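By the numbering used here, the letter at position 63 of the sequence shown is numbered 64, and the numbering carries on one by one without gaps.
Built from N, CA and C at the ideal position, the CB exists for glycine as well.
Predicted, not measured: the structure shown is a model, and the values here were computed from it.
Notes follow once the structure below has been shown.
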Amino acid sequence: MHPLTLPAGTLCTLIGPPGCGKSTFAARYPASWRVCLDLYRLAATDSEADQSATPVAAEIQNLLLDARLARGLITLADSTNVLAHVRAGLLARARYWQRPTVAVLFDVPLGIVEAQNAGRDRVVPPHIVRDLHAQLPSFEQLLAEGFGQVHLVSQLAAAADLT
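Structural data, given as structure tokens:
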């Protein structure tokens, strides 16, 4: 079962710190829909954690975003996306291709995020998780930025039992 019904061509941006459940959420959809910086860092360096590969990973992500959006294919941007300039770039691509946009904000309490991060194969340093959690935008901020729809994962989980 897919937690959201996404119209054709939608760019769905997942927003949250490491360990909040973005990739688990994305796994409910076809793998071909997913673009993910971690995967491209892995492909470039054999390590998802190698932040030095982020510029190359971003180029790969942008190529795939354009390829999918040009064809009107649903695309899930599965990265932290907590920084406003990163979201602005995603929104600009969607506008260029005249595609609808949806944001899914992972409004997961910090304690749960920290616990889930600690249980992952690749643990992100706790101070980074806290910093990224502190930078989460609000529902209203995402609407003001231009997302056509914004969903809180807490509400999706309550409605569809995503836990």
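Environment of residue i [buried if 16+ CB atoms lie within 10 Å]
| i | result |
| --- | --- |
| Pro240 | As displayed, the chain neither begins before 2 nor continues past 164, which places residue 240 out of reach and without an answer. |
| Ala145 | exposed |
| Glu49 | buried |
| Leu12 | buried |
| Gly112 | exposed |
| Ala95 | buried |
Beta-bridge pairing of residue i - partner residues as DSSP gives them
| i | result |
| --- | --- |
| His152 | Val105 |
Where residue i sits in the DSSP three-state scheme
| i | result |
| --- | --- |
| Ile113 | helix |
| Asn61 | For the record, residue 61 in the displayed sequence is Ile; it is not Asn. Ile61: helix per DSSP, three-state reduction. |
| Arg35 | strand |
| Ile75 | coil |
| Leu15 | strand |
| Pro56 | helix |
| Ala85 | helix |
| Pro127 | helix |
| Thr46 | helix |
| Gly90 | helix |
| Thr136 | Looking at the sequence provided, one finds Gln at residue 136 rather than Thr. Correct three-state label for Gln136: coil. |
| Tyr41 | helix |
| Gln99 | coil |
| Ser24 | helix |
Rounded C-alpha distance that separates residue i from residue j
| i | j | result |
| --- | --- | --- |
| Val124 | Pro101 | 33 Å |
| Ala71 | Trp98 | 6 Å |
| His134 | Thr14 | 16 Å |
| Leu153 | Val109 | 9 Å |
| Phe148 | Pro138 | 12 Å |
| Phe140 | Val105 | 9 Å |
| Asn63 | Gly120 | 30 Å |
| Gly22 | Asp79 | 10 Å |
| Thr46 | Ala54 | 7 Å |
| Gln156 | Leu143 | 16 Å |
| Glu60 | Leu40 | 13 Å |
Within-8 Å CB hit, residue i to chain C
| i | result |
| --- | --- |
| Val109 | The structure shown contains no chain C, having only a single protein chain. |
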